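All remarks here apply to the structure that follows.
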Amino acid sequence: MAIRTSSGYVPELALVADRPAEPAEPIVGHIMLSVSQLVTDLSSRVSILILSPLGVLPANQGRGIGVALTHAALAIADARPEPLVIVQGHPDYYPRFGFVRGRTIGVLPPENLGPIDKAWMVRRRPDASGELRGRVVYPQYFLDLDD
Ligand SMILES: CC(C)(COP(=O)(O)OP(=O)(O)OC[C@H]1O[C@@H](n2cnc3c(N)ncnc32)[C@H](O)[C@@H]1OP(=O)(O)O)[C@@H](O)C(=O)NCCC(=O)NCCS
Numbered sequence: 000m001a002i003r004t005s006s007g008y009v010p011e012l013a014l015v016a017d018r019p020a021e022p023a024e025p026i027v028g029h030i031m032l033s034v035s036q037l038v039t040d041l042s043s044r045v046s047i048l049i050l051s052p053l054g055v056l057p058a059n060q061g062r063g064i065g066v067a068l069t070h071a072a073l074a075i076a077d078a079r080p081e082p083l084v085i086v087q088g089h090p091d092y093y094p095r096f097g098f099v100r101g102r103t104i105g106v107l108p109p110e111n112l113g114p115i116d117k118a119w120m121v122r123r124r125p126d127a128s129g130e131l132r133g134r135v136v137y138p139q140y141f142l143d144l145d146d
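Sequential numbering from 0 applies to the sequence shown in numbering that gives the first Met the number 0.
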C-alpha cells in the first residue's frame with residue numbers, strides 16, 4: 000500500500016491509499032481536507048480545514064489504512080497556516096489523532112447543522128494558539144449538497 004496525492008478541489012489536500020501492485024483495484028482509501036472559515040468571537044474570519052470524507056473500501060478495513068491516511072493528511076495540515084482541523088465523525092476514532100470535542104474548547108459547529116456534540120471534533124495545529132474560539136461556517140459547496 001502507498002499513499003500519494005490525488006486530484007481534487009485543493010489537490011495537495013486530497014490523498015488516496017493505493018496498491019500499485021494490484022492495478023485492477025489500486026485505490027483502497029481516500030481522505031480529503033477542504034478549506035473553510037471560523038467566525039471568531041471577535042467576528043473576524045480565520046481559515047481552517049475540514050476533514051471530510053475519509054473512507055476505506057470495506058474489504059480493506061481494519062488494516063491500518065484509515066489511520067495511515069489520517070496521519071498523512073494531518074502531517075500536511077500541520078505544515079499549512081490553518082490553525083484548526085475540524086471533523087464530524089466517529090467519537091471513538093478521531094481522539095487518537097489529537098481531536099477533542101469542539102464544544103470543550105469553544106469551537107462550535109455551523110448553526111444550520113442542528114444538534115451535534117460528541118461527533119463534532121477539533122484538532123489544533125500543535126503550535127497554534129489555544130485562544131481561538133468561534134463558530135465554523137461550512138463552504139458553499141458543502142451547503143449546495145443540501146439542494
Ligand atoms: C472509519 C474507517 C475510515 C477506518 O478505516 P480503517 O482502515 O478500517 O481503520 P484502521 O484499520 O486504520 O484503524 C482501525 C481502528 O479504527 C477503529 N475504527 C474503525 N471503524 C471505526 C468506527 N466506525 N468507529 C470507531 N472506531 C473505528 C478500529 O476500532 C481500530 O481501532 P484500534 O486501532 O484501537 O483497534 C473505515 O472503517 C471506513 O471507511 N468506514 C466507513 C466510512 C466512514 O465511517 N468514514 C469515517 C467518517 S467520519
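By construction, the Cβ of each residue, glycine as well, lies at the ideal position given by its N, Cα and C atoms.
The model shown is predicted, which means the values in this text are computed figures rather than measured ones.
>> Determine whether the beta carbon atoms of GLY88 and VAL106 lie at a separation below 8 Å.
In response: As a working note, residue 88 is residue 89 in the sequence shown. As a working note, residue 106 is residue 107 in the sequence shown. Taking 8 Å as the Cβ cut-off, GLY88 and VAL106 do not qualify as a contacting pair.
> Under 8 Å, do ILE30 and LEU14 count as touching if we go by C-beta distance?
Replying inline: Counting from 1 along the sequence shown, the entry for residue 30 is found at position 31. Counting from 1 along the sequence shown, the entry for residue 14 is found at position 15. Yes; because the gap between Cβ atoms is below 8 Å, this pair is in contact.
>> Can you tell me which residues fall inside 5 Å of ligand 1, judged by beta-carbon distance to its nearest heavy atom, and keep chain order?
In response: LEU53, GLY54, VAL55, GLN60, GLY61, GLY63, ILE64, GLY65, VAL66, GLY88, HIS89, ASP91, TYR92
> If we count the other Cβ atoms within 10 Å of its Cβ and call it buried at 16 or more, is VAL121 buried or exposed?
Replying inline: The residue you call residue 121 lines up with position 122 of the sequence shown. Counting Cβ neighbours within 10 Å, VAL121 comes out buried, since at least 16 surround it.
>> Our contact map puts ASP77 next to PRO10 with C-beta atoms below 8 Å; I'd like the distance itself, whole angstroms only.
In response: What you label residue 77 is simply residue 78 of the sequence shown in a count that begins at 1. What you label residue 10 is simply residue 11 of the sequence shown in a count that begins at 1. Contact doesn't hold; Cβ gap of about 18 Å is too wide.
> Could you give the residue range of the alpha helix (DSSP H) that holds ASP77?
Replying inline: Within the sequence shown, residue 77 is the residue found at index 78, counting from 1. Taken as a continuous stretch (DSSP letters only), the alpha helix (DSSP H) holding ASP77 covers 64 to 77.
> What's the gap between the Cα of ALA1 and the Cα of LEU41?
Replying inline: Within the sequence shown, the letter at position 2 stands for residue 1. Within the sequence shown, the letter at position 42 stands for residue 41. One C-alpha to the other measures close to 43 Å.
> From VAL38 to GLU24, what distance separates their C-alpha atoms?
Replying inline: Your numbering for residue 38 matches position 39 in the sequence shown. Your numbering for residue 24 matches position 25 in the sequence shown. Answer to the nearest angstrom: the Cα atoms are 42 Å apart.
>> Please report the distance separating the alpha-carbon of PRO90 from that of ILE49.
In response: Position 91 of the sequence shown holds residue 90. Position 50 of the sequence shown holds residue 49. Taking the straight line from one Cα to the other gives about 16 Å.
> Measuring CA to CA, which of GLY63, ILE47, SER46 is closest to GLY54?
Replying inline: Taking the sequence shown and counting its residues from 1, one reaches residue 54 at position 55. Closest option to GLY54, Cα to Cα, is GLY63.
>> On the CB-based measure, 16 or more other CB atoms within 10 Å of its CB, does ASP145 come out buried or exposed?
In response: Here the question's residue 145 lines up with position 146 in the sequence shown. Counting Cβ neighbours within 10 Å, ASP145 comes out exposed, since fewer than 16 surround it.
>> What does the Cβ neighbour count give for ALA16, buried or exposed, with the cut at 16 atoms within 10 Å?
In response: Sequence index remark: in the sequence shown, residue 16 carries index 17 (1-based). Answer is buried; the Cβ neighbour count reaches 16.
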